[in-house]
Amino acid sequence: MRIVVCDDHLLLLEALGLALGARGHEVVALAGTPEEAVSAVAMHRPDVCLLDVNFPGGTSVSAIHEIREISPQTKVVMLSAEADHGIVGRAIAEGASGYVGKEKPIVEIVEMLDRAVRGQLAVEPSLLQRALRPQKSTDDPLWALQFLTDREWQVMRCIMDGQTTEEMASSLGVQRSTARTHVQNLLTKLGVHSRLQAAALMSAHGSHESWPVHLR
1 MRIVVCDDHL
11 LLLEALGLAL
21 GARGHEVVAL
31 AGTPEEAVSA
41 VAMHRPDVCL
51 LDVNFPGGTS
61 VSAIHEIREI
71 SPQTKVVMLS
81 AEADHGIVGR
91 AIAEGASGYV
101 GKEKPIVEIV
111 EMLDRAVRGQ
121 LAVEPSLLQR
131 ALRPQKSTDD
141 PLWALQFLTD
151 REWQVMRCIM
161 DGQTTEEMAS
171 SLGVQRSTAR
181 THVQNLLTKL
191 GVHSRLQAAA
201 LMSAHGSHES
211 WPVHLR
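Residue numbers (full-length UniProt numbering): 1 to 216.
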C-alpha cells in the first residue's frame, strides 16, 4: 500500500511514517499542511492519503474533494484526536473513505487504511450513525440518502428489483466481491442490517423524488 501522510505535528507525522513503513507499506510522502498533501497526491498518486483533520488555519475537509479530483483512485482517511460528528458527516459527504482516531494503536489505523483501499467505509458503525443522524427533533428516516454515491444508488435500484448478488454484479459490470462491498457500504450508511430492511425503508418512506434526478 502506497501512502501519503499529512499532519502538522512533526513528531507524530514522522512516527506514523516510520510505523507504517515498518509494517511493509510504502510511505511516499510526509506532508505538513493540506496543501502539501494535495501536491504530494498529485505527484505520487498513492493508494491512500491519511489526512489529519485539524490544522491551525481550520480543518482539512475542503482538501478531500481536491485530492479525489486530482487522483480518483486515492482513498482519503481522516485522522483526528476527537470524534466530531459534524466533521465526520462533512468528510464522508466530501468523499472521504474513512475516519480514525489518533488514540488508536497503529495496527487499528493500518486496518482502517486497508479497509478503505478495499473500497469499504472505514468508520466505526456507531460513529457513522451518529454523524449521519439528523440534528432535529423528528428524525427523517431517509436522511442518510444524501451521503450515497451514484454507485450506491445503482445498488439500491438492484436491491429494489430483488436482484441476487450475482445478478447485481452482472448489472453493474463488477465482480461479486465488489458488489457485496457496495451493498455493505449502502447498508452501513442507511443504518440497516439487510437488503430486505433497505428495501422496506425505501418502500415505506421513499418516493420518485427521493432518487437523484439523473438516476430516476
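Glycine included, every Cβ here is placed at the ideal spot set by N, Cα and C. The model shown is predicted, which means the values in this text are computed figures rather than measured ones.
Taking its Cβ as the centre, do 16 or more other Cβ atoms sit within 10 Å of Ser203, making it buried, or is it exposed?
The residue labelled residue 203 in the question sits at position 203 within the sequence shown. The residue is exposed, with fewer than 16 neighbouring Cβ atoms inside 10 Å.
Between which two residues does the beta strand (DSSP E) harbouring Val13 extend?
Working through the sequence shown from its first residue, we reach residue 13 at position 13. Checking the sequence, you will find Leu at residue 13 rather than Val. Note, Leu13: premise wrong, no beta strand (DSSP E); alpha helix (DSSP H) at 10-22.
So the beta strand (DSSP E) Arg202 belongs to, where does it begin and stop?
Within the sequence shown, the letter at position 202 stands for residue 202. For clarity, residue 202 is Met in the given sequence; the question names Arg instead. No beta strand (DSSP E) holds Met202; the alpha helix (DSSP H) holding it covers 195-205.
Could you give the first and the last residue of the continuous beta strand (DSSP E) run that contains Ala96?
Translated into positions along the sequence shown, residue 96 becomes position 96. Looking at the DSSP string, Ala96 is not in any beta strand (DSSP E), and its letter there is neither H nor E.
Would Asp161 be called buried (16 or more neighbouring beta carbons within 10 Å of its own) or exposed?
In the sequence shown, the residue the question calls residue 161 occupies position 161. Within 10 angstroms of the beta-carbon of Asp161 lie fewer than 16 other beta-carbons, which makes it exposed.
Compute the Euclidean distance between the alpha carbons of Gly98 and Ser60, then round it to the nearest angstrom.
Your numbering for residue 98 matches position 98 in the sequence shown. Your numbering for residue 60 matches position 60 in the sequence shown. So the alpha carbons of these two residues sit roughly 14 Å apart.
Can you check DSSP and say which residues form a bridge with Gly58?
Taking the sequence shown and counting its residues from 1, one reaches residue 58 at position 58. Partner residues in the beta bridge of Gly58, as assigned by DSSP, are Phe55.
Relative to the C-alpha of residue 267, which residue among Ser39, Val53, Asp114 is closest?
Since the first residue shown for the chain is 1 and the last is 216, residue 267 is missing from the structure and cannot be characterised.
Does the distance from the C-beta atom of Leu64 to that of Ala91 stay below 8 Å?
Numbered from 1 along the sequence shown, position 64 holds the residue referred to as residue 64. Numbered from 1 along the sequence shown, position 91 holds the residue referred to as residue 91. Correcting the residue type first, residue 64 is Ile in the shown sequence and not Leu. In this structure, Ala91 lies closer than 8 Å to Ile64 by Cβ.
Using a threshold of 8 Å, state whether the C-beta atoms of Val38 and Val5 are closer than that.
As a first step, residue 38 must be located in the sequence shown, where it is residue number 38. As a first step, residue 5 must be located in the sequence shown, where it is residue number 5. Contact check for Val38 against Val5 fails: the beta carbons are separated by 8 Å or more.
How about Glu209 and Asn185: are their beta carbons less than 8 Å apart?
For this step, residue 209 is matched to residue 209 along the sequence shown. For this step, residue 185 is matched to residue 185 along the sequence shown. Not a contact, by the Cβ cut-off of 8 Å.
Between Val213, Leu190, Ser194, which has its C-alpha nearest His205's C-alpha?
Locating residue 205 in the sequence shown gives position 205, counting from the first residue. It is Leu190.
Do you know how far the Cα of Gln163 is from the Cα of Leu127?
What you label residue 127 is simply residue 127 of the sequence shown in a count that begins at 1. What you label residue 163 is simply residue 163 of the sequence shown in a count that begins at 1. Distance between the alpha carbons of Leu127 and Gln163: 30 Å.
Decide if Gly173 is buried, meaning its Cβ has at least 16 other Cβ atoms within 10 Å, or exposed.
Position 173 of the sequence shown, counting from 1, holds the residue named residue 173. Exposed, by the Cβ-count rule.
Go to Ser80, then tell me how far its beta strand (DSSP E) extends in each direction, as first and last residue.
Indexing the sequence shown from 1 puts residue 80 at position 80. Following the DSSP letters along the chain, one finds Ser80 inside the beta strand (DSSP E) bounded by residues 75-80.
Please name the residue, chosen from Val53, Leu20, Ala19, His25, that lies closest to Glu35 on a Cα-to-Cα basis.
Looking up residue 35 in the sequence shown gives position 35. With respect to the C-alpha of Glu35, the residue from Val53, Leu20, Ala19, His25 having the closest C-alpha is Val53.
Going straight from the alpha carbon of Glu69 to that of Ala93, what length do you get?
Here residue 69 is taken as the residue at index 69 of the sequence shown, counted from 1. Here residue 93 is taken as the residue at index 93 of the sequence shown, counted from 1. Taking the Cα positions, Glu69 is about 14 Å away from Ala93.
Rounded to whole angstroms, what's the CA-CA distance from Gly24 to Ile106? Just pull it up for me.
Translated into the one-based positions of the sequence shown, residue 24 becomes position 24. Translated into the one-based positions of the sequence shown, residue 106 becomes position 106. Going from the Cα of Gly24 to the Cα of Ile106 covers about 13 Å.
Take the Cβ of Ser80 as the centre, count every other Cβ of all protein chains shown within 10 Å, and call the residue buried at 16 or more, exposed below.
Here residue 80 refers to the residue found at position 80 of the sequence shown. Ser80 should be labelled buried.
Please report the straight-line C-alpha distance between Leu11 and Glu66, rounded to a whole angstrom.
As a position in the sequence shown, residue 11 is number 11, starting the count at 1. As a position in the sequence shown, residue 66 is number 66, starting the count at 1. Roughly 26 Å between the two C-alpha positions.
Those runs of the alpha helix (DSSP H) which lie wholly inside the region 138-163 and span at least 4 residues
Listed in chain order, they are 150-160.
If we ignore side chains and look at the alpha-carbon of each, how far apart do Ala22 and Leu16 end up?
Within the sequence shown, residue 22 is the residue found at index 22, counting from 1. Within the sequence shown, residue 16 is the residue found at index 16, counting from 1. Linking Ala22 to Leu16 through their CA atoms gives a straight-line distance of about 10 Å.
Using a Cβ-Cβ cut-off of 8 Å (strictly less than) and excluding sequence neighbours within five positions of His44, which residues of its own chain qualify?
Position 44 of the sequence shown holds residue 44. Contacts found: Arg2, Val4, Val28, Ala29.
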